[in-house]
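Enquirer: The structure's right below; bear with me while I get my questions together.
Protein chains: 4
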Amino acid sequence: MNNKENIINCLDKGFVRLIDHMGDDAAIVQAARVSYGDGTKSVNEDKGLIRYLMRNKHTSPFEMVEFKFHVKLPIFIARQWIRHRTANVNEYSGRYSEMKDEFYVPNIENIKAQSKNNKQGRSNEEFSEDLAQNFLKSLEGNQSFLYNEYRNYLDQNVAREIARINLPLSNYTEWYWKIDLHNLFHFLRLRLDKHAQFEIRVYAEAICELIKPIVPFAYQAFEDYEINSVNLSAEEIRTLKNIIDLNNLDYSNSKLSKRELEELEIKIDKIKKIIE
Amino acid sequence: MNNKENIINCLDKGFVRLIDHMGDDAAIVQAARVSYGDGTKSVNEDKGLIRYLMRNKHTSPFEMVEFKFHVKLPIFIARQWIRHRTANVNEYSGRYSEMKDEFYVPNIENIKAQSKNNKQGRSNEEFSEDLAQNFLKSLEGNQSFLYNEYRNYLDQNVAREIARINLPLSNYTEWYWKIDLHNLFHFLRLRLDKHAQFEIRVYAEAICELIKPIVPFAYQAFEDYEINSVNLSAEEIRTLKNIIDLNNLDYSNSKLSKRELEELEIKIDKIKKIIE
Amino acid sequence: MNNKENIINCLDKGFVRLIDHMGDDAAIVQAARVSYGDGTKSVNEDKGLIRYLMRNKHTSPFEMVEFKFHVKLPIFIARQWIRHRTANVNEYSGRYSEMKDEFYVPNIENIKAQSKNNKQGRSNEEFSEDLAQNFLKSLEGNQSFLYNEYRNYLDQNVAREIARINLPLSNYTEWYWKIDLHNLFHFLRLRLDKHAQFEIRVYAEAICELIKPIVPFAYQAFEDYEINSVNLSAEEIRTLKNIIDLNNLDYSNSKLSKRELEELEIKIDKIKKIIE
Amino acid sequence: MNNKENIINCLDKGFVRLIDHMGDDAAIVQAARVSYGDGTKSVNEDKGLIRYLMRNKHTSPFEMVEFKFHVKLPIFIARQWIRHRTANVNEYSGRYSEMKDEFYVPNIENIKAQSKNNKQGRSNEEFSEDLAQNFLKSLEGNQSFLYNEYRNYLDQNVAREIARINLPLSNYTEWYWKIDLHNLFHFLRLRLDKHAQFEIRVYAEAICELIKPIVPFAYQAFEDYEINSVNLSAEEIRTLKNIIDLNNLDYSNSKLSKRELEELEIKIDKIKKIIE
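Chains as they are written, first to last, in the numbering used here: chain A, 24 to 299; chain B, 24 to 299; chain C, 24 to 299; chain D, 24 to 299.
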């Protein structure tokens, strides 16, 4: 990250730049306290409150923080990204302006075979380097050919909005994107996931780096309770029945707070009822 | 439930009535299959697909089912309910029309003391019957007094929009409420929770009864994966370290499908990494 | 329109199909009447109420009607369409499934020059038929070439999600799209406009045909008060000062209802104040 | 307004306080220019661009500005306000905390009779001062009585969430409210209107004062094109036929810009077609 610019390069020609934000951890606490009719407290209590809100899905205080990003990204990623509806967008327009001669070309190590067990993703296995080289070569050749065609149409005065329809999905576009922290966490939860397409994960990870310094407690809570948690259905718990020995509980080395231990006991009770 | 009318009475004078719906389990499947480029399959595969979507939070197909309810409810509950923004509402208006002489009076067993450990709720302990009787008596007396005052103002031709400002939050209102199934599940998740106020839980439970026959697979999946699941943070798992013996895994009696067992193994790996 | 199928073909290979709807004109009236505390009235009064709601932008009752469409459309149109956020979408996925060999090829009369005074649109003037022929020829040639490349990559087992990135924006996709009538009218207002790209206007017009028989009063009110109205700013009215003679008012031949005439008088007063 | 505090008192005990904002007129321009692929221009061109965007309902750049307010308001106003769904809210909770002894008492000049021609509003005519005095006296007496009852219930340890249900709608609550400028303009359009209840208009007017210094060009454009414009339906134009003489057009004294004059001519053409 270039700290001065708050910009992180993504893929071969893209970037995410944090251009503005409203509020930080303190704004989350302030909004929550209006509900509780409480005033200012210590930093430690603020942290505890933020963690409590995250854990118990009291999401509205996180909506009080807003971020605005400038993003440059390939169109096929823009199409996945835009599905997150609770956000504001202004995108570069291929009707008003000429599309630029910039296309996404993957690194060779990201050319992979179709995954066998994941219908929507890439395999982790090695892919023939020869095939990958050929793929990249034809990819680049075609991008350059299509951009030339586009330029020719424009030179013949074909309207921009129709000349651009054969540009490929690898063409870069850019936009301003504004979103609140609650909805950004939702975006990140889905787009950091290993089932998300690699190319959008790169952007999600960049966004994490940009927001961490602004909402450190909220981000940590998001990691602890959302990213690094495990959700077990009743049937999964029953399946795990004989590896769980509830008689052996020992909280002496736990780093959980008093309130979290109380919450854990409620979960233990729920598990007990399921496996009995 | 009165099956003919699709209506369930709630509290002393309220109700939820399902007045229309668009789509059912089949509509969820149909929408999901357009993503996968697949056609019709067997009922069993439909059920499996719905459960897969729910488990993996592929929420958009659930948005393809829409419900419309007619609800009569006290204003203080309407104020909690309306916080769910992704829904459509038309409410009875105290500016256009006279408010009716109908007020919520709790059953005596629902008059409870303030909870000691739950700042937002009622205690489960017995409450003095005498005090509860007195409370109810003054509640009813005041409701009737305030409605008389309101009627008097109206008789003196005070504008409705200003005459009604001293009516109490226990006054009943009614509205039409339209919401898609994904957002309805979100509403239910929060309002079925034992931390939700008793009076709104009654409505949430009524809604469950009304929608179950229409989306039986989706509702069952919601119960299994959302209501009856347990979410454990990394630190909670570490705290539970010495009651888990991962060497003893045995899937032979499990009712999980093959795909679910694969998903469980990924969770087991995650747990392993946390407690090692 | 094929009435049996509720389907209208759009462009060369696309379509809009109305697959379900919830509610009609009566549902709008029913929702409005809950606000007014009123019951059923005559058809004529229903029509008047719907027109009153539209004219005065009481939009929430229109949200009580919901439509679900199946749409096949080129990706560059899908990118404009998806900007309407208050809707539900399930789209065919190029990660899960192979994209099909279907691309948009405009009719020759829709190949136009860039407009001189409209930066985002096509000129209305004649375009050289030779140039248009050449454009179409290269468009089709390139589409077919790019699809072959795509198929080759897939045959070499390149993952679908990466193989598709050089497919052009003219490639057809399809989706299920669900939206309420208020938000649909907003979509139509923008996409029927002559500044909208021709290719999306075709879909907007098809949607009008499909919904008209279901909500005839609401649709007529939309046309009368939204599409065929003229909005004049204060400065525009001042500019028109000497073509307006307010002393000459004569309502005797007007088809406006009594209520509308009262509303018109309020507007006349506003105009008077501006031009005095 | 207390400039230091950015706070404006509303009604007898309420207020609106602007506590934070993200972006200003420049942010609107910046977002619009990413669409047009343009860079920075002169202040005058910025103003022209903002006015163009407002006039032509290119609303998304206005979404790039965000405001956060702290508001204290009576519950019956909060119930109207919350209907604006595209906003973020954290409200004081009567389950967590004791409601305060603060109730709205109107000024005597705001006690009016029911309007005869406006079913939802107050008459403009004089109201008997005696009746108004009596109304206010009983209002205040009842507020004070009900708050005492509430305090008694709490002293007897009745749970807060149930003790508060007979508090009247005139009780003050408070919240944090965050909204983008586009949606704020929509709120203002509806709540500045003379059909809006007087008590919410007071808050809408306060918000105008608070945002004007931050987005002066956007606010001016909103006033010119939204508040002070007149919308005429085709039938209204036909009704006005004989007061319009289109042969007499003279733009020589107009303050409209060249682009606006071109837009006006398009409207004139539309009017011509309607009245011919």
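Idealized CB from N, CA, C, for every residue including glycine.
Quick caveat: nothing in here was measured; it's all calculated off a predicted structure.
If you measure beta-carbon to beta-carbon, which residues of the region 80-111 of chain D are closer than 8 Å to chain A?
Expert: If the cut-off is 8 Å between Cβ atoms, the region 80-111 of chain D has Ser83, Pro84, Glu86, Met87, Glu89, Lys91, His93 and Asn111 near chain A.
Enquirer: Could you give the DSSP three-state label for Ile15/C: helix, strand or coil?
Expert: The displayed coordinates of chain C run from 24 to 299. Any statement about residue 15/C would go beyond what the structure contains.
Enquirer: Nearest CA to the CA of Glu149/D: which residue from Asn254/D, Ser138/D and Asp124/D?
Expert: Residue 149/D sits at position 126 when you count from the first residue of the fourth sequence. When each option's Cα is compared against that of Glu149/D, the closest is Ser138/D.
Enquirer: Assuming Glu197/C is part of the alpha helix (DSSP H), what are its boundary residues?
Expert: Position 174 of the third sequence, counting from 1, holds the residue named residue 197/C. From DSSP, Glu197/C is part of no alpha helix (DSSP H) but of the beta strand (DSSP E) over Tyr195 to Asp203.
Enquirer: Suppose the cutoff is 6 Å on Cβ atoms and the five residues either side in sequence are ignored; what does the same chain contact list for Phe158/B look like?
Expert: Taking the first residue of the second sequence as position 1, residue 158/B is located at position 135. Around Phe158/B: Ile134.
Enquirer: How many angstroms separate the CA atom of Ser280/B from the CA atom of Asp69/B?
Expert: Taking the first residue of the second sequence as position 1, residue 280/B is located at position 257. Taking the first residue of the second sequence as position 1, residue 69/B is located at position 46. If you take the alpha carbons of Ser280/B and Asp69/B, they lie about 14 Å apart.
Enquirer: So which residues on chain B does Leu207/D lean against when the C-beta distance must stay under 7 Å?
Expert: By 1-based counting over the fourth sequence, the position of residue 207/D is 184. Result: empty, since nearest Cβ-Cβ is about 16 Å, beyond 7 Å.
Enquirer: Is the Cβ of Thr63/A closer than 7 Å to any Cβ of chain B?
Expert: Your numbering for residue 63/A matches position 40 in the first sequence. Taking Cβ atoms only, chain B never reaches closer than 7 Å to Thr63/A, which makes this a no.
Enquirer: Beta-carbon of Thr196/C versus every beta-carbon of chain D: anything under 7 Å?
Expert: Counting from one through the third sequence, the residue named residue 196/C turns up at place 173. Chain D, which has no Cβ nearer than 7 Å to the Cβ of Thr196/C, makes this no.
Enquirer: Between the region 130-145 of chain D and chain B, which residues of the former have a C-beta closer than 9 Å to a C-beta of the latter?
Expert: Listed by position along the chain: Asn133, Ile134, Lys135, Ala136, Gln137, Ser138, Lys142, Gln143, Gly144 and Arg145.
Enquirer: Going by DSSP, which residues form a beta bridge with Phe92/D?
Expert: Walking along the fourth sequence from the start, residue 92/D turns up at place 69. Partner(s): Leu41/D and Trp200/D.
Enquirer: Give the interface partners of Ile294/A over in chain B, defined as CB-CB distance under 9 Å, in chain order.
Expert: Position 271 of the first sequence holds residue 294/A. By Cβ distance, chain B contributes Val253.
Enquirer: With a floor of 3 residues, list each beta strand (DSSP E) that falls wholly inside the region 196-267 of chain D, ordered by position along the chain.
Expert: For the region 196-267 of chain D, whole beta strand (DSSP E) runs of length 3 or above, ordered along the chain, are 253-255.
Enquirer: Do Glu285/B and Asn111/C count as a contact pair if the criterion is CB distance below 7 Å?
Expert: Here residue 111/C refers to the residue found at position 88 of the third sequence. Here residue 285/B refers to the residue found at position 262 of the second sequence. No, the pair does not count as a contact, with Cβ atoms beyond the cut-off.
Enquirer: Buried or exposed: which applies to Arg282/A, given that a residue is buried once 16 or more other Cβ atoms fall within 10 Å of its Cβ?
Expert: If you number the first sequence from 1, residue 282/A lands on position 259. The residue in question, Arg282/A, is exposed, as its Cβ has fewer than 16 Cβ neighbours within 10 Å.
Enquirer: Output, in chain order, the set of chain B residues within a Cβ distance shorter than 7 Å of Leu162/D.
Expert: Stepping through the fourth sequence from its first residue, residue 162/D is reached at position 139. Those within 7 Å of Leu162/D in chain B are Asn189.
Enquirer: For chain A, check one thing: does any of its Cβ atoms lie closer than 7 Å to the Cβ of Glu68/B?
Expert: Residue mapping note: residue 68/B aligns to position 45 of the second sequence, counting from 1. Not an interface residue.
Enquirer: In angstroms with no decimal places, state the Cα-to-Cα distance between Ala294/D and Glu259/D.
Expert: By 1-based counting over the fourth sequence, the position of residue 294/D is 271. By 1-based counting over the fourth sequence, the position of residue 259/D is 236. Looking at the sequence provided, one finds Ile at residue 294/D rather than Ala. Each residue's alpha carbon lies about 11 Å from the other.
Enquirer: Nearest to Gln156/D by alpha carbon, out of Gln156/B, Tyr176/B, Ala244/B and Glu163/B?
Expert: In the fourth sequence, the residue the question calls residue 156/D occupies position 133. Per the Cα distances, Tyr176/B.
Enquirer: For Glu222/C, go through chain D and note every residue whose CB falls closer than 9 Å to its CB, in chain order.
Expert: Taking the third sequence and counting its residues from 1, one reaches residue 222/C at position 199. Residues of chain D passing the Cβ test: none, with the nearest at roughly 19 Å.
Enquirer: Would you kindly report the start and end of the unbroken beta strand (DSSP E) that includes Glu114/B?
Expert: Counting from one through the second sequence, the residue named residue 114/B turns up at place 91. Start and end: Asn111 to Glu114.
Enquirer: Within the same chain, show all residues whose beta-carbon is closer than 7 Å to that of Lys264/D, passing over the 5 residues directly before and after it, in chain order.
Expert: Here residue 264/D is taken as the residue at index 241 of the fourth sequence, counted from 1. Hits under 7 Å: Ile298.
Enquirer: Please report the Cβ distance between Glu197/B and Tyr115/B, rounded to the nearest whole angstrom; I am assuming they are in contact, meaning their Cβ atoms lie under 8 Å.
Expert: Against the second sequence, residue 197/B aligns to sequence position 174. Against the second sequence, residue 115/B aligns to sequence position 92. The Cβ separation is near 5 Å, so the contact holds.
Enquirer: Can a CB atom of chain D be found closer than 7 Å to the CB of Ala54/A?
Expert: Along the first sequence, one-based indexing puts residue 54/A at 31. It does; some Cβ of chain D falls within 7 Å.
Enquirer: At what residue ranges does the region 122-186 of chain B contain a whole run of the beta strand (DSSP E), taking only runs of 3 or more?
Expert: Listed in chain order, nothing qualifies, since the region 122-186 of chain B has no complete beta strand (DSSP E) run of 3 or more residues.
Enquirer: Based on the DSSP output, what are the partners of Asn32/D in its beta bridges?
Expert: Here the question's residue 32/D lines up with position 9 in the fourth sequence. Paired residue(s): Phe38/D.
Enquirer: Please determine, among Ile185/D, Asn180/D and Gln220/D, the residue with the shortest C-alpha to C-alpha distance to Asn147/D.
Expert: Within the fourth sequence, numbered from 1, the residue matching residue 147/D stands at position 124. If we check each option's Cα against that of Asn147/D, Gln220/D comes out closest.
Enquirer: For the alpha helix (DSSP H) that Asn67/D lies in, which residues bound it at each end?
Expert: Here residue 67/D refers to the residue found at position 44 when the fourth sequence is read from its first residue. It spans Val66 to Arg78 - the alpha helix (DSSP H) in which Asn67/D sits, taken as one unbroken run.
Enquirer: Our contact map puts Asp47/C next to Val225/C with C-beta atoms below 8 Å; I'd like the distance itself, whole angstroms only.
Expert: Numbered from its first residue, the third sequence carries residue 47/C at position 24. Numbered from its first residue, the third sequence carries residue 225/C at position 202. Their Cβ separation, rounded to whole angstroms, is 25 Å, which puts Asp47/C and Val225/C out of contact at 8 Å.
Enquirer: Can you find a heavy atom of the ligand HEM that lies under 6 Å from the Cβ of Pro129/B?
Expert: Within the structure as shown, the ligand HEM is missing, as the structure has no ligands at all.
Enquirer: Determine the extent of the alpha helix (DSSP H) in which Arg56/A is found, giving its start and end residues.
Expert: By 1-based counting over the first sequence, the position of residue 56/A is 33. Asp48 to Tyr59 is the span of the alpha helix (DSSP H), which, as asked, contains Arg56/A.
Enquirer: From the beta carbon of Cys33/D, is the nearest beta carbon of chain B less than 7 Å away?
Expert: For this step, residue 33/D is matched to residue 10 along the fourth sequence. Cys33/D does not count as touching chain B.
Enquirer: What is the residue span of the alpha helix (DSSP H) that Phe99/B lies within?
Expert: As a working note, residue 99/B is residue 76 in the second sequence. Note, Phe99/B: alpha helix (DSSP H), Ile98 to Trp104.
Enquirer: Show which residues of chain A have a CB atom less than 7 Å away from the CB atom of Ile267/B.
Expert: Position 244 of the second sequence holds residue 267/B. By Cβ distance, chain A contributes Ile266 and Ile267.
Enquirer: Just to confirm my understanding: we take Ile31/D, look at its own chain, exclude 5 residues before and 5 after, and list those with CB closer than 7 Å. What are they?
Expert: Counting from one through the fourth sequence, the residue named residue 31/D turns up at place 8. Correct list, in chain order: Met24, Phe38, Val39, Ala229, Glu232 and Leu233.
Enquirer: Grab me the residues of Ala50/C's own chain with a C-beta within less than 6 Å of its C-beta, minus the 5 sequence neighbours each way, in chain order.
Expert: Your numbering for residue 50/C matches position 27 in the third sequence. Cβ within range, chain order: Met87 and Val88.
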